[in-house]
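This report concerns only the one structure given below.
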Amino acid sequence: MIKRKTGFSIRWKLIIMVTVSIIISSSLVGVVTYYAAKSELEKAGIENLHQIVGGAITVIQVLDEEVKNGQLTLEEAKNRAKDYINGPLLEDKKKRDLSKSHFIYKKEGYMWAYDDNYLSVMHPLGYEGQNQKDFRLEDGSYLVRELVKASKNSNPDERLLTYMWKNQGETQERPQMSYVEYYQPWGWTLGIAVYPEEFYGSLPLIKGVIAGGIALFSLICIGVFIWLFNKKIKLILHVSRIAKKISEGDLTVKTIDTKSQDEIGELASAINEMVTGLKGIITKVNDASSHVTALSEQLIKNMEETNEASKQIAITVEGLNQGAEASSQTGEEVASTMEETAIGIERIAESSSKVAETSENSVIEVENGNEALSRAIQQMQSISKSVDDTTLLVKKLGDHSKEIERITDVITEITEQTNLLSLNAAIEAARAGEHGKGFAVVADEVRKLAEQSKKSAEEIAGFIKQMQEDTSKAISGMQKEADEVEYGMVVINKAGKSLESIRMAFQHVNNQIQEVSAASQQISAGAEQVTASIQEMAGVAKEVAVGSENIASAIEKQSSSIDDLSDFTITLRNLAQELQLSVDKFKL
């Protein structure tokens, strides 16, 4: 089960991310706008200075025309110019009344004039008549000289000077700006001095407007974003919930219904296809594991029956072996008796009786052995049939394992396709930049799920491959057992023929003994014939014993092989049950 991650949801992450981006972008625009407005105010202020000085020059030109026309003297014209530009003189006859000046800039911007000898010819603060040629600023520069020099420059930008200035009564210098023009007929350098902060009187208002605009713009953008992407965010959250249920094995989820044609829509379609594919795969694996379990149970049952039959055959063969040993021992005793017959005719009757009795017992034992061999043949035939049936079942099991292997290949192919889809989604999310981080997370979760499915399919393929190898070994072992059973059949048939020969031989011996009773003259010849027959019987009995041991050994090997096959079948059943448990966690 995937643990729920703590922290902000993707909805809030996107909102916070977009909000921060909008605020940062708007703030940058606001800062740029602020400084642009400040620059424009400064340009407008400088242009205003140009106009003020230009207007003063125009007034002087008008007065100069009156001088040329004889309406005014030059001195009268200059005094009128001073009164008009700086205002009339105050009572102290030094300073001028700037409140009545027509050429001032806001509160502190006033005009002044110097002649070519650096004499102050117009100044509102009482400096008229003073020579300012040697006036120096605190940085050591000659201000008036530079102003007069700059006024004669043809480039208006070169006629604007900025310097540090401190008025009387002030303790700290402030930047001051002066614009100058030169009126050649009078030899005057006219200028106006202002403090740059006077340009920015409306800047606080602009700052407030910009701040309000940024706030309003940010709110509008955030609202539009939430309105536009609300459905997208809901779809992403829905896809996330579906993916979580799939990771928990719940395949009963409903199909994601979306008309979106973007990467989110492709992701939803891919998850729908993945759920459909997983349902089909899990159903097939479930059916296959159930089939394998049923076959394993049937095979185990058949193995138990075959093992029981093998034990019964082993008991029968053991009885046959004991009978053969008894026959061999009896033959030796008869041979000894016939040798004693050669000692004297007087023991013929007694020896003949013993031989007859022994012959009758041998016939009975041979008949019993023959009957046991018949049962052994039937059991061996049954074993052969069971081995054939078992081989057929194991081959079918191998075929089913190949089908399971094909299914695991399908699983691997689907997981590879899913992994490719998640990779494509991650690439598209990366292209989307910051807006696609959330999509990349979902794509990564899908990719991990695909890798886990592929790993499980590879493990299943490994189990199936091992099962196929074990099945091949089982088939080979069963074929070997079938060959051993066939060989046992041949040996038992030979034993049957030998027992038949023994039975006939014993009958012949019995006839000879009867003839001995009738004609003692044939005792020697009959004894030799009986001895030869008994020796032949002993050899046959030994062959029967050896054949019985071979059959017992073959049956023991067969029993061991059946035990191994039974263990393998149990292992196969356990693997099928484990596979069943693995797929049972999925809800279809």
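Numbering-wise, the sequence shown is residues 1 to 588 according to UniProt numbering.
Positions of the beta carbon are idealized from the N, C-alpha and C atoms, including for glycine.
These numbers were taken from a predicted model, which means no experiment stands behind them.
(1) Report the rounded CA-to-CA distance for K279 versus T255, giving the unit in angstroms.
(2) If you scan the segment 121–169 from start to end, which runs of the alpha helix (DSSP H) of 4 or more residues do you find wholly inside it?
(3) Grab the span of the beta strand (DSSP E) containing A113 for me, first residue to last.
(4) If you follow the alpha helix (DSSP H) that I233 is part of, which residue opens it and which one closes it?
(5) To the nearest angstrom, how far is the alpha carbon of M274 from that of S560?
(6) I need the straight-line Cα distance from K301 to E484, nearest angstrom please.
(7) Can you name, in chain order, every residue of its own chain whose Cβ lies under 8 Å from the Cβ of K167, other than the five neighbours on each side?
(8) Assign L147 to one of two classes, buried (16 or more other C-beta atoms within 10 Å of its C-beta) or exposed (fewer than that).
(9) Run the CB neighbour count on D470, radius 10 Å, all protein chains shown included, and call it buried at 16 or more, exposed below.
(10) Can you find a C-beta in chain D that's less than 8 Å from the C-beta of F199?
(11) Give the straight-line distance between the Cα atoms of V155 and E47, rounded to the nearest whole angstrom.
(12) Which term fits E128, buried or exposed, when burial requires 16 or more other beta carbons within 10 angstroms of its beta carbon?
(13) Spatial neighbours of S218 within its chain, please: CB distance less than 8 Å, with the 5 preceding and 5 following residues excluded, ordered by chain position.
(14) Which stretch, first to last residue, makes up the beta strand (DSSP E) that contains R90?
(15) Which partner residues of L190 appear in the DSSP bridge assignment?
(16) Is it right to say M164 is buried, meaning 16 or more other beta carbons lie within 10 angstroms of its own, or is it exposed?
(17) With DSSP as the reference, please indicate the residues paired to K95 in a beta bridge.
(18) Return the residue from the list R573, A37, V29, G462 that minimises the CA-CA distance to P204.
(19) Quick check: V194 and L49, are their CB atoms within less than 8 Å of each other?
(20) Does the segment 415–425 come close enough to the segment 290–300 that 3 or more CB-CB pairs lie under 8 Å?
(21) Give me the Cα-Cα distance between V334 and N368, rounded to the nearest whole angstrom.
(22) Return helix, strand or coil for L575, following the three-state DSSP convention.
(23) Quick one: what's P196 bridged to in DSSP?
(24) Report the rounded CA-to-CA distance for Q157 versus W112, giving the unit in angstroms.
(25) DSSP beta-bridge partners for N375?
(26) Between P124 and L161, is the Cβ-Cβ spacing less than 8 Å?
(27) Tell me whether the beta-carbon of G109 lies closer than 8 Å to the beta-carbon of I192.
(28) Taking the alpha carbon of G187 as the reference point, which residue from Q172, L579, E304, K149 has its own alpha carbon closest?
(29) Secondary structure at Q452, three-state DSSP: helix, strand or coil?
(30) Provide the residue(s) that pair with Y105 in DSSP beta bridges, ordered along the chain.
(31) Going by alpha carbons, who is nearest to D64 out of Q51, N79, V53?
(32) Ordered along the chain, which non-local residues of its own chain (more than five positions away) have a Cβ less than 8 Å from that of residue 618?
(33) With H, G and I counted as helix, E and B as strand and the rest as coil, what does DSSP make of I345?
(34) On the DSSP bridge list, what partners appear for L267?
(35) Measure the C-alpha to C-alpha separation of I85 and L72 and round it to an integer number of angstroms.
(36) If we call anything under 8 Å between Cβ atoms a contact, is Y114 one with T189?
So, from the data block:
(1) Their Cα atoms are separated by approximately 13 Å.
(2) You should have 143–151.
(3) Residues 110–114.
(4) Unbroken alpha helix (DSSP H) run through I233: 203–247.
(5) Distance between the alpha carbons of M274 and S560: 48 Å.
(6) Each residue's Cα considered, the two are about 23 Å apart.
(7) The sequence shown places Asn at residue 167, not Lys. So no residue of the chain qualifies.
(8) Result: buried.
(9) Counting Cβ neighbours within 10 Å, D470 comes out buried, since at least 16 surround it.
(10) Protein chains in the displayed structure number just one, and chain D is not present.
(11) Correcting the residue identity first, residue 155 is Asn in this sequence and not Val. As the crow flies, the alpha-carbon of N155 is around 14 Å from that of E47.
(12) A buried status is given to E128, since no fewer than 16 other beta-carbon atoms sit within 10 Å of its beta-carbon.
(13) T19, I22, I23, S26, listed in sequence order.
(14) Note on residue identity: the sequence assigns Leu, not Arg, to residue 90. Unbroken run through L90: none, as it is neither H nor E.
(15) Looking at the DSSP output, L190 shares a beta bridge with A113, E181.
(16) Only exposed fits M164, as fewer than 16 other CB atoms lie within 10 angstroms of its CB.
(17) Under the DSSP definition of a beta bridge, K95 partners with L125.
(18) Nearest C-alpha to P204: A37.
(19) Contact flag set, yes.
(20) With the cut-off at 8 Å, the segment 290–300 and the segment 415–425 do not touch.
(21) The pLDDT assigned to V334 is 47, lower than 50, so where the model puts this residue is not dependable; a value taken from the coordinates is nonetheless given after this. Distance between the alpha carbons of V334 and N368 is about 20 Å.
(22) Three-state DSSP puts L575 in a helix.
(23) Beta-bridge partners of P196 (DSSP): none assigned.
(24) In the sequence as displayed, the identity of residue 157 is Asp instead of Gln. The straight-line gap from Cα to Cα measures roughly 19 Å.
(25) In the sequence under discussion, the amino acid at residue 375 is Arg, which differs from the Asn named in the question. None; R375 has no bridge partner.
(26) No. Outside cutoff.
(27) Taking 8 Å as the Cβ cut-off, G109 and I192 qualify as a contacting pair.
(28) Among Q172, L579, E304, K149, the Cα nearest to that of G187 belongs to K149.
(29) When secondary structure is reduced to three states using DSSP, Q452 falls in the helix class.
(30) For Y105, which the question treats as bridged, DSSP gives the partners G109.
(31) For the options Q51, N79, V53, the alpha carbon positioned closest to that of D64 is the one of N79.
(32) No information on residue 618 is available, as it lies outside the stretch 1 to 588 that the chain covers here.
(33) Its pLDDT being 48, under 50, I345 is placed unreliably by the model, and nothing is read from it.
(34) Here L267 is not bridged, per DSSP, to any residue.
(35) In a straight line, the C-alpha of I85 is about 18 Å away from that of L72.
(36) Annotated as proximal: Y114 and T189, with beta-carbon spacing under 8 Å.
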